[in-house]
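For reference, the structure discussed in these notes is given below.
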Amino acid sequence: QKEVEQDPGPLSVPEGAIVSLNCTYSNSAFQYFMWYRQYSRKGPELLMYTYSSGNKEDGRFTAQVDKSSKYISLFIRDSQPSDSATYLCAMRVSSASKIIFGSGTRLSIRP
Amino acid sequence: GAVVSQHPSWVICKSGTSVKIECRSLDFQATTMFWYRQFPKQSLMLMATSNEGSKATYEQGVEKDKFLINHASLTLSTLTVTSAHPEDSSFYICSAREGANTGDEQFFGPGTRLTVL
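From first to last, the protein sequence lines stand for chains A and B.
Following the numbering used here, the numbering of the first sequence begins with 79 at its first residue and continues without gaps.
Following the numbering used here, the numbering of the second sequence begins with 40 at its first residue and continues without gaps.
In structure tokens form, the structure reads like this:
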């Protein structure tokens, strides 16, 4: 079983829709949870960074962490074609530097 | 924000040759740099962690004699793929962290696509 599971998609939604991306994980020691956006043939770019459980909002993006269910989500409101990319969830144990990435969900926003 | 560059962005080489990839932090000093490998439609897999001036720490299953890492300065780390083979073809991404604390953010480079013929 992988430590982090993420549906690879692809996920295609119309412009303006709310997008929900999710990951599950098995290691209850994870404390830091991140979402990265990766455009084709580019390196990942950090979108959201959350410590422990709870919600965090930044513009059109909202990250949720439910440690009791070992489930994290990223919501994108008013989605734009420029949001089309692969979204990677990632997490790490608080005392370690190693980041464990999900396999990424490929998202396409249709104009 | 902090910028990390990689060079080259892509490289094609013959089987058996060695390839060097550079990773530079352009506007900050990176105490720690990380090297990842990403196969198509798969996750980033950490290969090794390097701290400036010391030997790199390799992840389990990564051959240190094949993937040579040098972190000679606070702004430059290099990954050399020695005696490359077609199965080494992949997207190699570095990241850099400024502080010594594990909570400090890592900034990723744009990646280097290696194709071994």
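A virtual CB, placed ideally from N, CA and C, is assigned to each residue, including glycine.
Could you round the C-beta distance between S82 of chain B and G137 of chain A to whole angstroms and report it? I think they count as a contact, below 8 Å.
Here the question's residue 82 of chain B lines up with position 43 in the second sequence. Here the question's residue 137 of chain A lines up with position 59 in the first sequence. S82 of chain B to G137 of chain A, Cβ: 26 Å. No contact.
From the beta carbon of G148 of chain B, is the nearest beta carbon of chain A less than 9 Å away?
Stepping through the second sequence from its first residue, residue 148 of chain B is reached at position 109. Yes - at least one Cβ of chain A is within 9 Å of the one on G148 of chain B.
At 7 Å on the CB atoms, spell out the chain B contacts of G182 of chain A, in chain order.
The count along the first sequence starts at 1 and reaches residue 182 of chain A at position 104. Those within 7 Å of G182 of chain A in chain B are S82.
For chain B, check one thing: does any of its Cβ atoms lie closer than 9 Å to the Cβ of L152 of chain A?
Within the first sequence, numbered from 1, the residue matching residue 152 of chain A stands at position 74. It does not: the Cβ of L152 of chain A has no partner Cβ on chain B nearer than 9 Å.
Are the C-beta atoms of K176 of chain A and some chain B residue less than 9 Å apart?
Numbered from 1 along the first sequence, position 98 holds the residue referred to as residue 176 of chain A. With 9 Å as the cut-off, K176 of chain A counts as an interface residue toward chain B.
Would you call P122 of chain A buried or exposed, if buried means 16 or more other Cβ atoms sit within 10 Å of its Cβ?
Taking the first sequence and counting its residues from 1, the one referred to as residue 122 of chain A is at position 44. Buried, since its Cβ has 16 or more Cβ neighbours within 10 Å.
Step through the CB atoms of chain A and report whether any lies within less than 9 Å of the CB of Q68 of chain B.
Translated into the one-based positions of the second sequence, residue 68 of chain B becomes position 29. No, because no Cβ of chain A sits closer than 9 Å to the Cβ of Q68 of chain B.
Exposed or buried, I150 of chain A, counting other C-beta atoms within 10 Å across all chains shown (16 or more means buried)?
Indexing the first sequence from 1 puts residue 150 of chain A at position 72. With 16 or more Cβ atoms within 10 Å of its Cβ, I150 of chain A is classed as buried.
Using the Cα positions of C133 of chain B and N133 of chain A, report the straight-line distance between them to the nearest angstrom.
Taking the first residue of the second sequence as 1, we reach residue 133 of chain B at position 94. Taking the first residue of the first sequence as 1, we reach residue 133 of chain A at position 55. C-alpha separation (whole angstroms): 29 Å.
Quick one: is I132 of chain B near chain A, going by C-beta distance under 9 Å?
Your numbering for residue 132 of chain B matches position 93 in the second sequence. Yes - at least one Cβ of chain A is within 9 Å of the one on I132 of chain B.
Anything in chain A within Cβ reach of R152 of chain B, meaning under 9 Å, just list it in chain order.
By one-based count along the second sequence, residue 152 of chain B stands at place 113. What R152 of chain B touches in chain A: R119.
Under the assumption that A123 of chain B contacts S57 of chain B (Cβ atoms under 8 Å), give the Cβ distance between them as a whole number of angstroms.
Walking along the second sequence from the start, residue 123 of chain B turns up at place 84. Walking along the second sequence from the start, residue 57 of chain B turns up at place 18. Between S57 of chain B and A123 of chain B the Cβ distance is about 7 Å, and since that is below 8 Å, they are a contact.
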